[in-house]
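One structure is given below, encoded as structure tokens.
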Amino acid sequence: MIIAFSGGKGGTGKSTVSTNITVLLESFALVDLDVEAPDDHILLSTELVKVKDVNLFQPVFNHEACFACGRCVDACHDNAIISGRDGKPILIPELCGGCRGCKLVCPSREAIGEGKRLVGKIYENLTPYGFPLITGELLEGEKKTYKVLLETRKYALSRYSDLIFDTAAGAGNSIFKALENVDLVVTVTEPTPFGVRDLQKILEVTKQLERKTVVVINRSGTGNESIVENLCNKYGVKVVGRIPYSKNIIKGYFENEPIVTTSLPEAEIFKNLKDRILEEACR
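Set out below in structure tokens:
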């Protein structure tokens, strides 16, 4: 079973909800797919342990074997290859997407060699709460988010059958891949105009992917929740939980202590939410 947590905008509390739910589920592995800014390990007070590098193919040009035909330049959709004054290719490494198009169209077998560039890392470690955490991290300065997300997702799927995906904020291209073939999408939102606007973007994505979706309203009681409910009715999705604005939850966040590990009344809210999520995922 795969359950993905998403949130249209940053700051909705998606990671707080996903980490607390995973602590309660116990038998699931948590996968942090917010590769540009992974933070689940911080919320769970655990150290990252690297298990794999994520590399991209990068062409290595042998100008002595190059015909200066320009086919590699024309084939590069990332505009990472330009022609020098002599007509021979010059690579802009930061733009290269590693598609191998240049190598495929090159008429010279020896003009383009196999190179690679490190763009990210994958970590796996056992959390203090007994479940595994897999984390994808894009190297600083790199832009190939999609590649790191794909490799992290692939690694997690090869290791575990029951997974919680904590996706990045937003509704960009990477979200489509993160939500592909999941059993349930849990979208965390807040009752504000910005929250509802971004919730609609996520609901459009899950509609296109035909993924079963439910909504959790975080910071319940701080805004007009009817606008969230009306949008959910429009898309035919359920509101399965409401988490009130709580100083105890905020304190737990800053102290890296999941609220569900305490005896505070807010812990019961997450326990009920966990039951509702499992119920919807198993339908």
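Each residue of the sequence shown is one higher than the one before, starting from 1 at the first, in full-length UniProt numbering. Every residue gets a Cβ at the ideal spot worked out from N, C-alpha and C, and that includes glycine.
At the level of alpha carbons, what is the spacing between residue i and residue j?
i: VAL182; j: LEU203; result: 14 Å
i: LEU184; j: VAL49; result: 29 Å
i: ALA29; j: CYS102; result: 39 Å
i: ASP162; j: MET1; result: 5 Å
i: GLU64; j: GLY11; result: 53 Å
i: ARG85; j: GLY70; result: 12 Å
i: CYS99; j: PRO59; result: 10 Å
i: SER27; j: VAL237; result: 27 Å
i: LEU170; j: LEU278; result: In the sequence as presented, Leu is not what sits at residue 170; that position holds Gly. Spanning the two alpha carbons is a distance of roughly 24 Å.
i: ASN230; j: GLY97; result: 41 Å
i: ASN79; j: GLU142; result: 16 Å
i: PRO93; j: GLY172; result: 24 Å
i: VAL31; j: ASN55; result: 20 Å
i: GLU137; j: PHE61; result: 29 Å
Using C-beta distances below 7 Å, list every residue in its chain close to residue i, excluding the 5 sequence neighbours before and after it, in chain order.
i: VAL73; result: ILE81, ILE82, SER83, PRO89
i: PHE270; result: ASN20, ILE21, LEU24, ILE259, VAL260
In three-state DSSP terms, what is residue i?
i: LEU48; result: coil
i: GLY115; result: strand
i: PRO59; result: strand
i: THR145; result: helix
i: TYR155; result: helix
i: GLY101; result: helix
i: SER18; result: helix
i: LYS234; result: helix
i: THR261; result: helix
i: SER108; result: coil
i: VAL228; result: helix
Quick check: residue i and residue j, are their CB atoms within less than 7 Å of each other?
i: ASP53; j: LEU118; result: yes
i: TYR245; j: ARG219; result: yes
i: PRO38; j: THR135; result: yes
i: ASN115; j: LEU139; result: A quick correction: the sequence has Gly, not Asn, at residue 115. Cβ distance not < 7 Å, so GLY115 and LEU139 don't count as in contact.
i: ASN248; j: GLU268; result: no
i: ILE243; j: VAL228; result: no
i: SER45; j: ILE164; result: no
i: VAL214; j: VAL186; result: yes
i: ASP34; j: ALA156; result: no
i: residue 329; j: GLY223; result: Not covered by the structure: residue 329. The range shown for the chain is 1 to 283.
Tell me where the alpha helix (DSSP H) around residue i begins and ends.
i: GLY252; result: 247-254
i: GLY195; result: 193-209
i: residue 288; result: This structure does not reach residue 288, given that the chain is present from 1 up to 283, and the question cannot be answered.
i: LEU43; result: 40-43
i: LYS177; result: 173-178
Where do the ends of the beta strand (DSSP E) carrying residue i lie?
i: ASP78; result: Unbroken run through ASP78: none, as it is neither H nor E.
i: SER6; result: 2-7
i: ASN218; result: 213-220
i: ASP32; result: 29-32
i: LEU139; result: Unbroken run through LEU139: none, as it is neither H nor E.
i: LEU91; result: 89-91
i: ASP166; result: 163-169
i: THR127; result: Segment: none, THR127 is in no beta strand (DSSP E) and carries neither H nor E.
Can you name, in chain order, every residue of its own chain whose Cβ lies under 6 Å from the Cβ of residue i, other than the five neighbours on each side?
i: VAL23; result: TYR129, PRO258, VAL260
i: ALA75; result: GLY101, CYS102, VAL105
i: GLU190; result: THR12, ASN218, ARG219
Using a Cβ-Cβ cut-off of 8 Å (strictly less than) and excluding sequence neighbours within five positions of residue i, which residues of its own chain qualify?
i: ASN272; result: GLY241
i: LYS177; result: TYR146, LEU149, LEU150, ARG153
i: GLU47; result: HIS41, ASN125
i: PHE67; result: PRO107, SER108, ALA111
Using only the heavy atoms of the ligand SAM, determine whether one of them is closer than 6 Å to the beta carbon of residue i.
i: ASN79; result: Inclusion of the ligand SAM in the displayed structure is not the case, the ligand content being empty and no account of it being possible.
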